[in-house]
Amino acid sequence: VYRLAYLRLNTLCNHLRLPSDHPQLEAIVWTLFQHTLGNEYELMRDRHLDQIMMCSMYAICKVKNIDLRFKTIVTAYKDLPNTSQETFKHVLIKEGQYDSIIGFYNLVFMQRLKTNILQYASTRPPTLSPIPQVPRSSFGFPSSPLRVPGGNNIYVSPLKSPYKTDGLLSPTKLTPRTRILVSIGEPFGHLQGTRCKSRN
1 VYRLAYLRLN TLCNHLRLPS DHPQLEAIVW TLFQHTLGNE YELMRDRHLD
51 QIMMCSMYAI CKVKNIDLRF KTIVTAYKDL PNTSQETFKH VLIKEGQYDS
101 IIGFYNLVFM QRLKTNILQY ASTRPPTLSP IPQVPRSSFG FPSSPLRVPG
151 GNNIYVSPLK SPYKTDGLLS PTKLTPRTRI LVSIGEPFGH LQGTRCKSRN
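Counting from 1, position 55 in the sequence shown corresponds to residue 55 in the UniProt record's numbering; the numbering is continuous, with no gaps.
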């Protein structure tokens, strides 16, 4: 699963042409991405691996003061193999509620991981995760589900349709430090939980 995840991230980074003055940016994003896959199992339930990847990319760029908008990430993401607009336009927020990738980032991803994300702005950031060895000949998702290591029956599989899951949303009051992580004023997607889309 980690090899697949890193391959997707590496391909996205190549499409984004990340700034040369941040040579470790991909490795830092991978560290947050890998931490999320390995420790935040509930965020993976009924969601797409690529949703976590895009949010990890955006979060690190925000905390590193790199001007990279979700719109730019999504535009580059569309060029990856095996992508669908549903992945960034229809993301599970909580049971029966869906929103764009921006809504998911603001209401779920950032709320769950803000303490970890802010560590990357400190003078003693987390140790970078090792980069998996990835065969360059394989792209996309396997047809069979893959188990997340230590994930208590959490599997990664192609996203086919939205499913119900336990509600994860419990927004907390933003502090001045966490406020910098929020995606505000971007042109696509709803930014407020009260405007989440619902599907029966």
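Idealized CB from N, CA, C, for every residue including glycine.
Here the structure is a predicted model, which means the values were calculated and not measured.
By the criterion of at least three beta-carbon pairs nearer than 8 Å, the segment 77–86 is in contact with the segment 7–21. In the DSSP assignment, Leu-92 is bridged to Tyr-98.
Restricting attention to alpha helix (DSSP H) runs no shorter than 4 residues, the segment 50–89 encloses them at 70–77, 86–89, ordered along the chain. When Met-57, Asp-21, Asp-50 are compared, the shortest CA-CA separation from Val-1 is found for Asp-50.
Distances from the CA of Leu-113 to each of Tyr-6, Glu-26, Ile-60, Gln-24 were compared; the closest alpha carbon is that of Ile-60. Between the segment 33–42 and the segment 87–105, the count of Cβ pairs shorter than 8 Å is below three; the stretches do not touch. The three-state reading of DSSP puts Glu-42 in helix, counting H, G and I together. In summary, Ser-20 is exposed, with fewer than 16 beta-carbon neighbours lying within 10 Å of its beta-carbon over all protein chains present.
The C-alpha of Pro-132 lies about 30 Å from the C-alpha of Leu-107.
In the three-state reduction of the DSSP assignment, Gln-24 falls in the coil class, being assigned neither a helical nor a strand state. Leu-18 and Leu-7 have their alpha carbons spaced roughly 16 Å apart. For the pair Val-74 and Leu-4, the Cα-to-Cα distance works out to about 19 Å. Contact annotation: Arg-47 and Leu-92 have beta-carbon atoms nearer than 8 Å. The C-beta distance from Leu-43 to Phe-109 rounds to 7 Å, short enough to meet the 8 Å contact threshold.
Within its own chain, the residues whose Cβ lies closer than 6 Å to the Cβ of Val-29, once the five positions on either side in sequence are excluded, are Ser-56, Met-57, Ile-60, listed in chain order.
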